[in-house]
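These notes are about the structure you will find just below.
Chains as they are written, first to last, in my numbering: chain A, 7 to 120; chain B, 59 to 170.
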């Protein structure tokens, strides 16, 4: 079992829906990440939060809106998604954004856009 | 320059054999090289990581070899087992950066 918990595990939504993905960690990590992974491809970084502040946005479309309410919780709000946004969305955390801090991944939310 | 090139794309090894996956990079600023293992339906799990001040790191059956002058690093899995069948990703980052640059992945199959 991973120490980064993501919910839901699966999500099917229409292009006009609004939904949210949730990620929790209780390891005391202060950096949290969202990645997108398409089938048979490596994870692609979307956002990084450091001490609850957004530090990196990899030019992600505004239909994806991240939120970090506290140091243990990370949300990704979804609105008006496109079929090409169907993918596995992974959350990760690391102890801090310093040198050589390994990132620990959750098992992801598999998102399907109809 | 930000790329990490990983080979082979897929690999089939007999049980008990040695699995070898290679990665190469151009950016000499990279200073942290982790390997991740991913099973179907799961997130990537950190397997082993190395920094460029050492040439080799071993953890159980898994060994990273690092060649700084050639800008290459590789993962060796000794006595490969069917349970090692998974996709393996090498990655690199630099200077405490929060970005991991991933290789394209290798799908490893261990035949019993």
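The beta-carbon is built from N, C-alpha and C at its ideal position, and this holds for glycine as well.
If you're wondering where the values come from, they're calculated on a predicted model, not measured in any experiment.
C-beta neighbour in chain A for residue i, strict 8 Å
{"i": "residue 74 of chain B", "result": "no"}
{"i": "residue 87 of chain B", "result": "no"}
{"i": "residue 166 of chain B", "result": "no"}
{"i": "residue 141 of chain B", "result": "no"}
{"i": "residue 147 of chain B", "result": "yes"}
{"i": "residue 98 of chain B", "result": "no"}
{"i": "residue 161 of chain B", "result": "yes"}
{"i": "residue 126 of chain B", "result": "no"}
{"i": "residue 92 of chain B", "result": "yes"}
{"i": "residue 157 of chain B", "result": "yes"}
{"i": "residue 133 of chain B", "result": "no"}
{"i": "residue 110 of chain B", "result": "no"}
Presumed contact (8 Å Cβ cut-off) between residue i and residue j, rounded CB distance
{"i": "residue 156 of chain B", "j": "residue 37 of chain A", "result": "7 Å"}
{"i": "residue 92 of chain B", "j": "residue 82 of chain B", "result": "Residue 92 of chain B to residue 82 of chain B, Cβ: 16 Å. No contact."}
{"i": "residue 136 of chain B", "j": "residue 119 of chain B", "result": "5 Å"}
{"i": "residue 123 of chain B", "j": "residue 114 of chain B", "result": "5 Å"}
{"i": "residue 48 of chain A", "j": "residue 67 of chain B", "result": "Actually they do not touch by this definition, with Cβ atoms about 12 Å apart."}
Sequence-distant residues of the same chain with beta carbon closer than 7 Å to residue i, five excluded per side
{"i": "residue 144 of chain B", "result": "95, 96, 97, 166"}
{"i": "residue 54 of chain A", "result": "37, 39, 61, 62"}
{"i": "residue 86 of chain A", "result": "21, 22, 69"}
{"i": "residue 89 of chain A", "result": "119"}
{"i": "residue 140 of chain B", "result": "73, 168, 170"}
Option in the options with minimal Cα separation from residue i
{"i": "residue 61 of chain B", "options": "B:147, B:76, B:112, B:102", "result": "B:147"}
{"i": "residue 103 of chain B", "options": "A:119, A:117, A:100", "result": "A:100"}
{"i": "residue 30 of chain A", "options": "A:120, A:112, A:118", "result": "A:112"}
{"i": "residue 149 of chain B", "options": "B:73, B:129, B:117, B:140", "result": "B:129"}
{"i": "residue 131 of chain B", "options": "B:169, B:119, B:100, B:90", "result": "B:90"}
{"i": "residue 80 of chain B", "options": "B:74, B:152, B:137, B:121", "result": "B:121"}
{"i": "residue 68 of chain A", "options": "A:52, A:17, A:9", "result": "A:52"}
{"i": "residue 117 of chain A", "options": "A:18, A:40, A:9, A:76", "result": "A:18"}
{"i": "residue 64 of chain A", "options": "B:88, B:133, B:159", "result": "B:159"}
{"i": "residue 105 of chain B", "options": "A:115, A:119, A:108", "result": "A:108"}
{"i": "residue 96 of chain A", "options": "B:164, B:138, B:101", "result": "B:101"}
{"i": "residue 138 of chain B", "options": "B:113, B:66, B:76, B:112", "result": "B:76"}
{"i": "residue 33 of chain A", "options": "A:23, A:48, A:79, A:59", "result": "A:79"}
{"i": "residue 169 of chain B", "options": "B:73, B:63, B:65", "result": "B:73"}
{"i": "residue 119 of chain A", "options": "A:102, A:110, A:94, A:106", "result": "A:94"}
{"i": "residue 42 of chain A", "options": "A:74, A:66, A:58, A:13", "result": "A:66"}
Close-in-space but distant-in-sequence residues of the same chain around residue i (CB under 6 Å, 5 per side omitted)
{"i": "residue 70 of chain B", "result": "167"}
{"i": "residue 83 of chain A", "result": "26, 71"}
{"i": "residue 15 of chain A", "result": "none"}
{"i": "residue 87 of chain B", "result": "152"}
{"i": "residue 81 of chain A", "result": "26, 28, 73"}
Proximity test, Cβ basis, 8 Å: residue i and chain B
{"i": "residue 119 of chain A", "result": "no"}
{"i": "residue 61 of chain A", "result": "yes"}
{"i": "residue 72 of chain A", "result": "no"}
{"i": "residue 113 of chain A", "result": "yes"}
{"i": "residue 54 of chain A", "result": "yes"}
{"i": "residue 108 of chain A", "result": "yes"}
{"i": "residue 93 of chain A", "result": "no"}
{"i": "residue 79 of chain A", "result": "no"}
{"i": "residue 89 of chain A", "result": "no"}
{"i": "residue 37 of chain A", "result": "yes"}
{"i": "residue 27 of chain A", "result": "no"}
>> Extract the residue ranges of the alpha helix (DSSP H) inside the region 100–136 of chain B, only unbroken runs of 4 or more that lie entirely within it.
In response: List check, alpha helix (DSSP H) in window: nothing returned.
> Can you give, in chain order, each stretch of the beta strand (DSSP E) that sits fully within the region 69–108 of chain A and has at least 3 residues?
Replying inline: Fully enclosed beta strand (DSSP E) runs of 3 or longer: 70–76, 79–85, 93–100.
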